[in-house]
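Working notes, structure below.
2 protein chains.
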Amino acid sequence: MSLLPKSIQNLINEFSKLPGIGPKSAQRLTFYLLKNPNIDLQAFATAVANLQKDLIYCSICFNMAQTNPCKICADNKRDHKLICVVEDALDVVAMDQISDFNGVYHVLGGVISPLDGVGPENLKIAELLQRVGKLNSAEIILATNPSLEGEATAMYIARQLKQPQFKHVKITRLARGLPQGADLEYADEFTLSKALEGRREY
Amino acid sequence: MSLLPKSIQNLINEFSKLPGIGPKSAQRLTFYLLKNPNIDLQAFATAVANLQKDLIYCSICFNMAQTNPCKICADNKRDHKLICVVEDALDVVAMDQISDFNGVYHVLGGVISPLDGVGPENLKIAELLQRVGKLNSAEIILATNPSLEGEATAMYIARQLKQPQFKHVKITRLARGLPQGADLEYADEFTLSKALEGRREY
């Protein structure tokens, strides 16, 4: 590999550190940047260097933001008693693409994962309970991922919210079932069982 | 998408410009950079910014290099009468991984592609002919890709090298056939026909 000039090899090495990008993809990306006259290398470099610049967290929902409180938390047209609890900022982006949701968010900043050394105290769970405690009625939608850790986190939060001081709180979880366009034939057993369990009158 | 802070959206946009990286992958890469403490953003940014810095082309083989002539062309242990003609620098990397090859290279800088406005005059073909003309005997391995443009380019160069002043030159082309580990059942007709045509006594 020492056949390539150092500046090229450097960028290939950097790209290789990214998830899902192997050595061949890293080469391809680097050569694309090198050869494509439409790419502004300086703009790219600046975007990387400034990634963490000016980044603040909303003190209400703990989403990454440019202002505090963030745009969503400052929006009076939203229902601030409907709180969707998600793992991270990308989940907020995904949820907010569906126009039916008019509530606000609470970003946990991860999931409970003992293997990675992440306990409930590392997430914004205490802050969620405090936030909910101040409301006189609320619905909390637990929208962590349907993974092992996501389920465990949702279960942990639900248990906390079932304490007597949260009597005013309704706890819900996103529905499980077949995704749009799925093929029954290829659905896994677990999904199918959840779809059957959650069936509705037609 | 305006939900994300500007610095994050900026980098997502930059990543999205790269080939094979869609909006979702760009988000994932950006958040990986943001959250992974092992990634040095400044090192990445510097690698991008300096990509084209100190980059020179070898005046013999036209490969990208840090010295002129490049390491390969300056290597006396190599057979300078065995010239492997390739499309670009990554092909040199690929070819030089096989230890059986001890010749040198000639990097065309692309392929003849009328649709993209690339003619023979835009490639280092004249330079190849000049280089070969100075040798008293030589083998030219045409190692352009087995694509439509690669074949056309190889054919064009072969035709040039068949002129009387290149009588001392042997022209070869990389073998076509089934790749290692291939499945006969899934091989395309063209590959199979080439494999049959090039069959050898066992």
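Residue numbers (numbering that gives the first Met the number 0), protein chains in the order written: chain A, 0 to 201; chain B, 0 to 201. C-beta: ideal position from N, C-alpha, C; glycine also.
Run of the beta strand (DSSP E) containing residue i, from where it starts to where it stops
i	result
A:PRO20	Contrary to the premise, residue 20 of chain A reads as Ile rather than Pro in this sequence. Element bounds for A:ILE20: n/a, residue is neither H nor E.
B:LEU202	Only positions 0 to 201 of chain B appear in the structure, and residue 202 of chain B is not among them; the question remains open.
Segment limits, alpha helix (DSSP H) that includes residue i
i	result
A:ARG130	124 to 132
B:VAL47	40 to 48
B:LEU191	188 to 196
A:ILE156	147 to 160
A:GLU13	5 to 15
Residues sharing a beta bridge with residue i, DSSP
i	result
B:ARG172	B:LEU141
A:MET55	According to the sequence shown, residue 55 of chain A is Ile rather than Met. A:ALA64.
A:VAL106	A:VAL85
B:SER112	B:VAL117
Sub-8 Å separation of residue i and residue j beta-carbons
i	j	result
A:CYS83	A:TYR104	yes
B:THR88	B:ASN62	Before going further, note that residue 88 of chain B is Ala rather than Thr in the sequence given. In this structure, B:ASN62 lies closer than 8 Å to B:ALA88 by Cβ.
A:LEU160	B:GLN51	no
A:ARG172	A:LEU141	yes
A:ALA137	A:VAL168	yes
A:VAL110	A:VAL117	yes
A:SER192	A:GLU148	no
B:LEU2	A:VAL91	yes
B:GLU86	B:THR143	yes
A:ALA25	A:ILE11	yes
A:ALA64	B:PRO4	yes
A:LEU195	A:ALA186	no
B:PRO18	A:TYR31	yes
Residue i Cβ short of 7 Å to the ligand FAD heavy atom set
i	result
A:SER24	Although the ligand FAD was asked about, the structure shown includes no ligands whatsoever.
CB contact below 8 Å: residue i versus chain C
i	result
B:PHE30	In the structure shown, chain C cannot be found, because the protein chains are A and B.
_When you compare the stretch 97 to 114 of chain A with the stretch 39 to 47 of chain B, are there three or more beta-carbon pairs, one atom per stretch, that lie closer than 8 Å?_
no
*Output, in sequence order along the chain, the residues in the stretch 2 to 19 of chain B whose CB is closer than 8 Å to any CB in chain A.*
LEU2, LEU3, PRO4, LYS5, SER6, ILE7, ASN9, LEU10, ASN12, GLU13, LYS16, LEU17, PRO18 and GLY19
*Report the residues of the stretch 54 to 72 of chain B with a CB closer than 9 Å to any CB of chain A, ordered along the chain.*
LEU54, ILE55, ASN62, MET63, ALA64, GLN65, CYS69, LYS70 and ILE71
*asked:* Counting only Cβ-Cβ distances shorter than 9 Å, please list the residues of the stretch 36 to 53 of chain B near chain A, keeping chain order.
replied: ASN37, ILE38, ASP39, LEU40, GLN41, ALA42, PHE43, ALA44, THR45, ALA46, VAL47, ALA48, ASN49, LEU50, GLN51, LYS52 and ASP53
*Within 8 Å of chain B by C-beta, residues of the stretch 77 to 99 of chain A in sequence order*: ASP87, ALA88, LEU89, VAL91, VAL92 and ASP95
*Closer than 8 Å, Cβ to any Cβ of chain A: which residues of the stretch 106 to 130 of chain B, in chain order?*
none
_Contacting positions in the stretch 171 to 198 of chain A - beta carbon closer than 8 Å to chain B_ = none
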